[in-house]
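Protein chains: 4
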Amino acid sequence: MLRYAYLGPAGTFTEEALRQVASPDEAVYLPQTDVGSAIAAVRAGGADRAVVAIESTAEGGVTATLDSLATGSPLVLLREVLVPVQFTLVGPPGTRLADVRRVAAHPHAWVQCRRWLAAHLPGAVHVPATSNTAPAALLAEAAADPAALRSSTFDAALVPPAAVGTYALVPLAERVADNPSALTRFVVVGPPGPVPPPTGADKTTLVVHLPDNEAGALLAMLEQFAVRGVNLSRIESRPIGDALGRYSFSIDAEGHVTDERMGEVLMGLHRRCPYVRFLGSYPRADAVAPQVQVGTADADFVEARAWLERLRGGDPG
Amino acid sequence: MLRYAYLGPAGTFTEEALRQVASPDEAVYLPQTDVGSAIAAVRAGGADRAVVAIESTAEGGVTATLDSLATGSPLVLLREVLVPVQFTLVGPPGTRLADVRRVAAHPHAWVQCRRWLAAHLPGAVHVPATSNTAPAALLAEAAADPAALRSSTFDAALVPPAAVGTYALVPLAERVADNPSALTRFVVVGPPGPVPPPTGADKTTLVVHLPDNEAGALLAMLEQFAVRGVNLSRIESRPIGDALGRYSFSIDAEGHVTDERMGEVLMGLHRRCPYVRFLGSYPRADAVAPQVQVGTADADFVEARAWLERLRGGDPG
Amino acid sequence: MLRYAYLGPAGTFTEEALRQVASPDEAVYLPQTDVGSAIAAVRAGGADRAVVAIESTAEGGVTATLDSLATGSPLVLLREVLVPVQFTLVGPPGTRLADVRRVAAHPHAWVQCRRWLAAHLPGAVHVPATSNTAPAALLAEAAADPAALRSSTFDAALVPPAAVGTYALVPLAERVADNPSALTRFVVVGPPGPVPPPTGADKTTLVVHLPDNEAGALLAMLEQFAVRGVNLSRIESRPIGDALGRYSFSIDAEGHVTDERMGEVLMGLHRRCPYVRFLGSYPRADAVAPQVQVGTADADFVEARAWLERLRGGDPG
Amino acid sequence: MLRYAYLGPAGTFTEEALRQVASPDEAVYLPQTDVGSAIAAVRAGGADRAVVAIESTAEGGVTATLDSLATGSPLVLLREVLVPVQFTLVGPPGTRLADVRRVAAHPHAWVQCRRWLAAHLPGAVHVPATSNTAPAALLAEAAADPAALRSSTFDAALVPPAAVGTYALVPLAERVADNPSALTRFVVVGPPGPVPPPTGADKTTLVVHLPDNEAGALLAMLEQFAVRGVNLSRIESRPIGDALGRYSFSIDAEGHVTDERMGEVLMGLHRRCPYVRFLGSYPRADAVAPQVQVGTADADFVEARAWLERLRGGDPG
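Chains as they are written, first to last, in my numbering: chain A, 1 to 317; chain B, 1001 to 1317; chain C, 2001 to 2317; chain D, 3001 to 3317.
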């Protein structure tokens, strides 16, 4: 059974992502205290895979994930999983929604449910939690100990849906979220090895540094993609760390490393940029195939290569 | 006297930046608990200016600052200040460097001094602090109370140089940093008003959204700068928050809003992009003037405009 | 009455173009022996206008016209006229198509009717003529002198339709052409003066030199158009004449000099290129309006300029 | 012995070019009446090679050559030769420069020597000749027949230097030319076959059509070259002939078909453009090696390909 390191404890959104990948019956779940530890566990051999958030609609790129993958010993992405960012409001048994005055929530959770709270719990006070699942654990504890319950600093909590079953909590409201299409994107990270075969709807993730001190270097880098008809679905800058204004770019490009056009892009980047790290090709969670521009299908490259070989051999083409 | 909101308490790197702007004799210092509060204080009228970190060599863009400036009521940047990221190792009176075993440090500080610590304090243990100045306050307290000193969980602490005087501490080592050129860039934020006059070495900061669902939109946006010969010193992506893959770009461009070439770039962006926010033009801290490409000086624009007017008037030019 | 210099004699395609511009009752027709003389007549004041071919489907740019306009004292294009390249086969009275063995034709005319001739006059021999109208004149002469007719070296001739009436000839076949959509584009040339007002479907003609010894200079020049959404309907290279590989570009761009986007393109070219000559804005003969890209209408420029002025005045925009 | 078709008769500039390629002892010289006939002779098998002018400083591309090569059965360029455009002024025996009043010259020759003539033969009248060598033949004839000499319409002629020896003429002035660096570029044309090996300073000549009705198609075509660091030394438009504004581009690119970067450019053009004809790779006459941009040497491509193969095989690169 594969061992999966992930941001625990039980009940997190990350666990929800992990369940989409492998059920607890098929895999060993290894909860970690942070994203960096989950990734380090794979590098150190203590886990076979890590499941980590890489991007969310509200926060953008998860810098801990991006930075851990960009340097250090090589790892690759094997799969992506999308999880809706919707919370469940839970309370101790007997709590009625109308009685809730103090709501425990991680600050990010609070921000993403602010309008819902204003509408359904006007005047409710925010009790900051250190994680999404911490108040769930406290509530579970309190349910077993009336004294703990009385001294609780909150009446209800916003927790991930997966926490409800884990901690045997009572939901007061479900699918709580201001933006109903808010998502977090998770990736399954593993050691280098055979690339997942192309499905026709794949992504390739890269880390690219630009040549030093060159005006228009970002423009030139983007043209490497554009001229071969490869579209980008994500591009984010991260500091390289040696000087202000020096960036590493984290990129998701549409297509698979075995696509001819992607291969030519990768070689172009490798030739021109001081550093290119390949972080894997894997199926898109949404299974949307890219629009292939005229002249950029694999057959076009194969045909063009045969034509070039004829030219080089003295044939008019 | 102007009132400055900044990330306090006394002794922070931000205070060091603020001192470069206005001494405590000339200004009212209003320490805040976080960057968002400092910016909010200006919006609410409780402060005239905020001094906030916007970028660092190690962490890149400060997302709290970028996001606070990108939306909400308009604010502008009036000045930038660079502060070296170098720490002072401090201890209670009588401490010798050789005796130090446990070092209190904010996790970011620890990371940035790791090699120095391995060389000078091999085997020292990290005691995480909640801020750069928290251990300084504890040390100051302990100096006045031998009992507190005995129960202290650390022997020494990494603090900003400004904290040494503030808390009357004894330095064990100065200029502690793995990367001697590490910097944090701070900006002075204020309400909209007259733009600081051009100095010949200025920056203009912008927030730009790309048109929806358009392949090559980032390329097209960058060409608006390139075709007028305006270089970028920083470009960072931040999620817009409504869907995965939708970005807002935070940009520093070399030049001043009153430069002809910058004006044409701004108008081009405004015409083509769904959202452009001008966050100010202000002198570069390094006073480095941009290389002006052929045909992009103000005089070239003025001359070209006169030529066009002649053409439109029926004159051959 | 305006005096028009044009490539004569009577009956040429150029005369057909001129008739679309001004009938012989309304204008003085001044036939010239070549395009250069027609243009020179306007420069010297002997004519008010010249009507000259500038481009044809079969031959491309008319180099004599392009070169005459590109240098020398300034002239501008005031109008364009399209004339179909279709010939009339004429013969002496009494000739039957079936009897034709030898066909007089200017070499260009012969080339453009080759397939028609092969189909309708298989085996017919080409008797080269020095111009399109020369054989018409000979036929007219012969009609009045039976001896001349007997010694004629040809039985029939391919002439412009306008020549039939001029020389009172008998058509054997009309609309003779291999490519039924073949066209010649003529322009009306005059001294600099008020630009014809925009019609919404206009062209602007330019001559542009690239900066010396700069790789990518042509690419950079084309980007001046692309970034402002101005499309080109014609671009041709002509040697500058001082060294191999040095070119002058003759360009037709879609739009009018008074369009905001065209104005900005012209200023951009003027700023960056060593030489830009404006050869006029005038209505398109086909009256097809350009597709205006998002953000490039006049109102977008006006609005963007007002926004920039607000920014420069200290208003948040 | 190879048979060379060229624009004759003896004494032309083309013969001068041919002599640089093969002396009359080593080759069969087959003079032709025009460029088209010389090229046709190779296609028909009547000649092994054609030597034809393709470009001149004064006239630009030689359209007859460009058009003959762009369509019809495939031919390739094997070599280029540069010939200075300098004339020799010749007269009958006994003529003194001071006595010359009427100068026979092809109109192109006259234009290129106008300033020299104004300075050295003020007031001399131009007697147009039908070719550069026609007046040389007449002078040679006249030298043998005093009656012919007396009836001659000219006193002297501007002829190519090669004509002096051919016709045993007496030079009155040598190296007559207004632009001392004026050149004509000739190419040696042959049937398809082994490509001349790369010398490190080569040119590749192409014919490329753009995709129909696509704004920015020329820009996109040029980017195929730019993104791989291949510079152009010549680009000229020629009409395709089916409609106004439809062009075929004749291009000289710096490098050899066996260069990796040129191969990738050719494949990119072949994939994206409706028509690409390879007209050969051959040594530059000036032996100037191209500036190779960072990352575009053959070794860079080979290394990038090996890297890509490693990635595809599951190796981290």
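Glycine included, every Cβ here is placed at the ideal spot set by N, Cα and C.
Scanning Glu59(A), Ala41(A) and Gly263(A) for the CA closest to the CA of Pro107(A) turns up Glu59(A).
Three or more beta-carbon pairs separated by less than 8 Å are not found between the stretch 3093-3106 of chain D and the stretch 2271-2282 of chain C, which leaves the two stretches without contact. At a cut-off of 8 Å between beta-carbon atoms, Thr153(A) makes no contact with chain D. When the five nearest sequence neighbours on each side are left out, the beta carbons in the same chain lying within less than 6 Å of the beta carbon of Ser3152(D) are those of Ala3142, in order along the chain. Judged by DSSP in its simplified three-state form, Arg1271(B) adopts helix. Taking 8 Å as the CB threshold, Leu7(A) stays off the interface with chain B. From the beta-carbon of His2270(C), the residues of chain B found nearer than 9 Å are Gly1295, Asp1300, Glu1303, Ala1304, Trp1307, Leu1308 and Gly1317. Per DSSP, the beta-bridge partners of Val2170(C) are Gly2091(C). Cβ proximity to chain D below 8 Å picks out nothing from the stretch 158-184 of chain A. In summary, Thr205(A) is buried, with 16 or more beta-carbon neighbours lying within 10 Å of its beta-carbon over all protein chains present. Below 8 Å, enough C-beta pairs join the stretch 1110-1123 of chain B and the stretch 1157-1177 of chain B to call them touching: three or more.
Pairwise C-beta distances place the stretch 2184-2194 of chain C out of contact with the stretch 2155-2164 of chain C, as fewer than three of them are shorter than 8 Å. Interface residue (Cβ-Cβ distance to chain B less than 8 Å): Thr2071(C) is not classified as such. For Pro1316(B) against Pro2192(C), the beta-carbon gap comes to about 4 Å, under 8 Å, which counts as contact. Nearest CB-CB separation between Phe2278(C) and chain B: below the 8 Å threshold.
Of the candidates Val294(A), Val257(A), Leu97(A) and Gly314(A), the residue whose Cα lies closest to the Cα of Val170(A) is Leu97(A).
Taking a Cβ-Cβ cut-off of 7 Å, the neighbours of Arg3312(D) in chain A comprise Val195, Val257 and Thr258, given in sequence order.
At a C-beta separation below 8 Å, Ala1038(B) has no neighbours in chain A, since its nearest C-beta there lies roughly 17 Å away.
Annotation: Pro3290(D) to Glu3254(D) spans about 6 Å, alpha carbon to alpha carbon. The Cβ neighbour count for Gly3046(D), taken over all protein chains shown within 10 Å, is under 16; the residue is labelled exposed. A direct Cα-Cα distance of roughly 20 Å separates Leu3279(D) from Leu3018(D). When secondary structure is reduced to three states using DSSP, Asp2298(C) falls in the helix class. Nearest CB-CB separation between Pro2024(C) and chain B: not below the 8 Å threshold.
Burial is judged here by how many other beta carbons sit within 10 angstroms of a residue's own beta carbon; Ala44(A) has fewer than 16 and is exposed. In terms of Cβ geometry, Val3292(D) and Gln224(A) do not form a close pair [threshold 8 Å]. Identification of residues in the stretch 105-127 of chain A having a C-beta nearer than 9 Å to some C-beta of chain D yields an empty set. Ala1136(B) and Thr1014(B) have their C-alpha atoms some 16 Å from each other. Taking a C-beta distance under 8 Å as the contact criterion, Leu2066(C) and Arg2238(C) qualify as a contact pair. Beta bridge pairing from DSSP links Asp1242(B) with no other residue. In summary, no residue of the stretch 1130-1145 of chain B has a CB separated from any CB of chain A by less than 9 Å. Residues of the stretch 1085-1098 of chain B with a C-beta atom less than 7 Å from some C-beta of chain C do not occur. Residues of chain B whose Cβ lies closer than 7 Å to the Cβ of Gly2263(C) are, in chain order, Leu1308. The C-alpha of Val230(A) is placed about 22 Å away from the C-alpha of Ala70(A). Taking all protein chains in view, the Cβ of Met3001(D) is surrounded by fewer than 16 other Cβ atoms within 10 Å, so the residue is classified as exposed. Taken in chain order, the members of the stretch 1231-1243 of chain B whose beta-carbon sits within less than 9 Å of a beta-carbon on chain A are Asn1231, Leu1232, Ser1233, Arg1234, Ile1235, Glu1236, Ser1237, Arg1238, Pro1239, Ile1240, Gly1241, Asp1242 and Ala1243.
Sequence-distant Cβ neighbours of Ser3023(D) in its own chain, meaning closer than 6 Å and more than five residues away, do not exist here.
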